[in-house]
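The block underneath contains the structure these notes are about, expressed in C-alpha cells.
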Amino acid sequence: TRILGIEGTAWAASAAVYDSTADDVFIESDAYEPESGGIHPREAAEHMHDAIPRVVESALKYARETADRPAGDPQVDAVAFSQGPGLGPCLRIVGTAARALSQALDVPLVGVNHMVAHLEIGRHSSGFDSPVCLNASGANAHLLAYRNGRYRVLGETMDTGVGNAIDKFTRHVGWSHPGGPKVEAAAEDGEYVDLPYVVKGMDFSFSGIMSAAKQAHDEGVPVEDICFSLQENIFGMLTEVAERALSLTGSNELVLGGGVGQNDRLREMLAEMCAQRGADFHAPEPRFLRDNAGMIAVLGAKMYDAGDTLDLEESRVDPNYRPDQVPVTWRARSER
Ligand code: ATP
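Heads up: the sequence shown begins at 934 in this note's numbering, then just goes up one per residue.
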C-alpha cells in the first residue's frame, strides 16, 4: 500500500508518502515561524495555503520517481489527512486540499486523528503490541491506552498543552517561538528552585507552574534555574502519571509521542521510570515526534487496509476531535 499523507493542524505544513511494503517514509515539511509571539491562527492558515501545494508536489514527485507503477496511474492508493484536532483555519485548508487531491487522483480519502497518529507511529516503530502512550505535544498532553475498540484517555491536562505552557513562559521572557528547545538548553546550567507541582489522580495542570515561573522571572530569579525547575516539575508530573497508567493497565510498554518528546530530559525520566518497573520504553525518532505527515500516512495506510475510508460528506474537519472518538478499525479483530 502507498499512501499520500497531509498534515496541517498548527505549524507544520507537511506531506509524506508511505510505502508499507518497503516500510519507507518520505516526508517534506515547511514550518510556520511566527515573526513575534506564538502561533497566530490566521497567519498559520496563510502559511498552510502557501506551503501545502509545495510540499504535496514534492511528495508526489517522490512517489513518481520511486514508483513501480505505470506512469499514468495514480502513484498512491489513497490520500490521508489530519482531520483534527487542531486550529480550525489550518485544518480547513488541509481538508480542502485533501478532498481536491483525492478527486483529482481518483483515490479514496482517509481521515486521520492527529493525536492517534502521534500514538500509532510509536506503536509502529517500536513493534510493541499494546503500549500505554504519553502524548506530549504543543497543544495536548495525555495518556492513552487501548481498550474495547478505542484509545481511552486515562489522564490529561486540565488546562493547556505541555508545549504551549512552556512556550508561554518563553514568550514572557522574550525568547522566540518555539520555546521548548531554548528551555532545554538553558536548563543545563540551572539549579532547582521551588515551583508548583500539580497532579490530581490521573490528571495534571500546568497553569499554576506557568504563572509561578513568570513571576519568579519578574522577581529576578535566574532564568536558567527557572528553566531547570520547569523541566524537573513538568516532566516529573508527566512521568508520575505515565507510571500510574502503566500500573493501572498492567501494561509493560510505554511509547512517547509529540513534539515535546524531543526533549532529552523527558526521555531520560521516562526511560528511568520504565527501567525501574522492568517495562520497555520507546521514543520514535525526532522527525516522527514533532508534527509531520509521515505519521498521518503510516496510520492512513493501516486505516486504508482496514477499509476505513471517508465519503465526502464525512470529511469535515473537527478542531476538537478527541482520540477516544475514533473507532479503532485497523487492529487485529481478536484485539478489538
Ligand atoms: P499538537 O500535536 O498537540 O497539535 P503542536 O502542533 O503544537 O501540537 P508538536 O510538533 O507536537 O506540535 O509540538 C510542538 C511543541 O514542542 C512546541 O510547543 C515546542 O516548544 C515543543 N518542543 C520542541 N522541542 C522541544 C524540546 N527539545 N523540549 C521541550 N519542548 C520542545
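Ideal Cβ placement from N, Cα and C applies to all residues, glycine included.
- The region 950-990 is shown to contain whole beta strand (DSSP E) runs of 3 or more residues at 957-964, in chain order.
- Relative to the Cα of Asp1213, the nearest Cα in the group Arg1220, Pro1219, Glu1205 belongs to Glu1205.
- Cβ-Cβ distances below 8 angstroms link Leu1052 to Cys1066, Asn1068, Leu1077, Tyr1084, Val1188, Gly1190, Pro1256 in the same chain, with the five nearest sequence neighbours on each side left out; the list follows chain order.
- Gln1148 counts as exposed, since fewer than 16 other beta carbons sit within 10 angstroms of its beta carbon.
- For Gln1016, the enclosing beta strand (DSSP E) begins and ends at 1011-1017.
- Relative to the ligand ATP, Gln1195 has its C-beta within less than 7 angstroms of a heavy atom.
- Under the 10 Å beta carbon count, Met1091 is surrounded by fewer than 16 other beta carbons and is classified as exposed.
- For Asn1068, DSSP records a beta bridge to His1075, Gly1190.
- Less than 8 angstroms separates the beta-carbon of Leu1087 from that of Met1135.
- Remark: fewer than three beta-carbon pairs, one from each stretch, lie closer than 8 angstroms, so the region 1004-1015 and the region 967-987 are not flagged as touching.
- Residue Ala1030 holds the alpha-carbon nearest to the alpha-carbon of Gly1044 among Gly1055, Ala1030, His1057.
- Note that the region 1155-1171 touches the region 1114-1122; at least 3 beta-carbon pairs, one per stretch, sit closer than 8 angstroms.
- Considered as a whole, the region 1189-1249 harbours 1197-1210, 1219-1222, 1226-1238 as its complete alpha helix (DSSP H) runs of no fewer than 4 residues, in chain order.
- Just so you know, the alpha carbons of Gly1096 and Glu990 end up roughly 30 angstroms apart.
- In the assembly as shown, Ala964 is an exposed residue. Its beta-carbon has fewer than 16 other beta-carbons within 10 Å.
- Counting every other CB atom within 10 Å of its CB across the protein chains shown gives Asn1081 a total below 16, marking it as exposed.
- In this structure, the beta-carbon distance from Ala1226 to Ala949 falls below 8 angstroms.
- Only residues of its own chain outside the window of five on either side were considered, and among them Pro1007 have a CB closer than 6 angstroms to the CB of Leu1038, listed in chain order.
- The criterion of a C-beta distance shorter than 8 angstroms is not satisfied by Glu1124 and Asp1100.
- Here the C-alpha atom of Arg1210 lies approximately 27 angstroms from the C-alpha atom of Gly1094.
- With a cutoff of 8 angstroms on beta-carbon distance, Pro1260 and Ile1054 are scored as not near each other.
- Cys1023 is positioned such that its CB atom lies closer than 8 angstroms to that of Gly941.
- Annotation for Leu1024: the continuous alpha helix (DSSP H) segment containing it runs 1021-1038.
- When distances are taken from the beta-carbon of Trp944 to the heavy atoms of the ligand ATP, the shortest one is below 7 angstroms.
- Given a length threshold of 4 residues, each whole run of the alpha helix (DSSP H) inside the region 1102-1168 is given here in chain order: 1113-1120, 1140-1151.
- Taking 7 angstroms as the cut-off, the C-beta of Asp1100 counts as close to a heavy atom of the ligand ATP.
- Between the alpha carbons of Gly1060 and Glu1176 lies a distance of about 20 angstroms.
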